[in-house]
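Structure first, then comments.
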Amino acid sequence: MLSILKTNGIVYLLQPFSTNEIKKVVKTPKLYFLDTGLAAYLTRWLTSETLATGAMSGHFFETFVISEILKSYTNAGLPANLYYLRDSNKQEIDLLIFQNNTIYPIEIKQKTNPTLTDIQNFTILNHIKKIKVADGAVICLAERILPLDSKNRIVPIWAI
């Protein structure tokens with residue numbers, strides 16, 4: 216059944232990133248519905264208020280961001296080398312974009328003012344020596360692109 220949903224573009228399995236340099240990573244893919252409207256209907260989250268403030272609103276936001284990034288790669292005819300990282304201590308980086316032997320870490324937060332706490336798990340990548348780790352970002356509800364620190368940026372959802 217899952218293969219049918221994948222083949223028809225209804226769901227996407229975000230694969231875990233793993234390397235010998237990071238020990239004890241979770242190796243289960245994360246499932247995302249590519250149609251957030253269908254996901255909302257199936258879960259009976261039928262109003263915009265519920266989607267914006269309900270208990271699963273952060274999950275819907277993350278699903279939307281992942282699907283939009285995936286569509287951008289697909290529409291450009293480029294391979295989407297997208298991953299996530301979670302270790303056995305439940306430290307997670309929502310999205311890793313792997314391009315030209317470089318990792319771009321991304322956190323996805325449904326908030327307007329991300330802080331350094333939101334990117335604290337980027338330090339997991341400090342163990343990687345064979346692959347370059349580039350500047351990262353927090354995709355969120357901010358109004359404009361801003362620096363978060365010297366290496367990471369706040370990126371509004373409208374900019375993806």
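Letter by letter, the sequence shown follows residues 216 to 375 in the numbering used here. Using N, Cα and C, we set each Cβ at its ideal position, and we do this for glycine too.
Task: residue 299 to residue 275 span [Cα, whole Å] - done: Looking at the two C-alpha atoms, the distance is approximately 17 Å.
TODO: Would you check if the distance between the CB atom of residue 296 and the CB atom of residue 313 is smaller than 9 Å?
DONE: In terms of Cβ geometry, residue 296 and residue 313 form a close pair [threshold 9 Å].
TODO: Give the DSSP-derived three-state secondary structure of residue 349 in the structure shown.
DONE: DSSP places residue 349 in coil when its eight states are reduced to three.
Open item on the list: Report the CB separation of residue 306 from residue 339 in whole angstroms; it is logged as a contact under 8 Å.
Closed with: With a Cβ gap of about 6 Å, residue 306 and residue 339 count as contacting.
TODO: Whole angstroms is fine: what's the gap from residue 309's alpha carbon to residue 372's?
DONE: Per the coordinates, the alpha-carbon of residue 309 lies some 15 Å from the alpha-carbon of residue 372.
Task: Separation of residue 220 from residue 227, as counted between CA atoms - done: Rounded to the nearest angstrom, the two C-alpha atoms are 8 Å apart.
Task: Bridge-paired residues (DSSP) for residue 259 - done: Bridge pairing for residue 259: absent [DSSP].
Open item on the list: On the CB-based measure, 16 or more other CB atoms within 10 Å of its CB, does residue 311 come out buried or exposed?
Closed with: Within 10 angstroms of the beta-carbon of residue 311 lie 16 or more other beta-carbons, which makes it buried.
Task: the region 253-271 touching the region 353-368, judged by at least three CB pairs closer than 8 Å - done: As far as the Cβ criterion goes, the region 253-271 does not touch the region 353-368, which means the pair count is below three.
Task: Limits of the alpha helix (DSSP H) - the one that residue 358 falls within - done: Premise fails: residue 358 is in no alpha helix (DSSP H) and is neither H nor E.
- [ ] Name the residue from 361, 333, 359, 318 whose alpha carbon lies nearest to the alpha carbon of residue 234.
- [x] That would be 318, whose Cα lies nearest to the Cα of residue 234.
Open item on the list: Quick check on this structure: which residue in 249, 367, 241, 251 has the alpha carbon closest to the alpha carbon of residue 332?
Closed with: Ranking the options by Cα distance to residue 332, first place goes to 367.
- [ ] Report the residue ranges of all alpha helix (DSSP H) runs contained in full by the region 235-289; include only those spanning at least 4 residues, in chain order.
- [x] Correct list: 251-258, 263-268.
- [ ] Let me know the secondary structure DSSP gives residue 232 once reduced to three states.
- [x] Residue 232 falls in the coil class under three-state DSSP.
TODO: Determine, using beta carbons only, whether residue 343 and residue 284 come nearer to each other than 9 Å.
DONE: It is not a contact, given that the beta carbons lie outside the stated cut-off.
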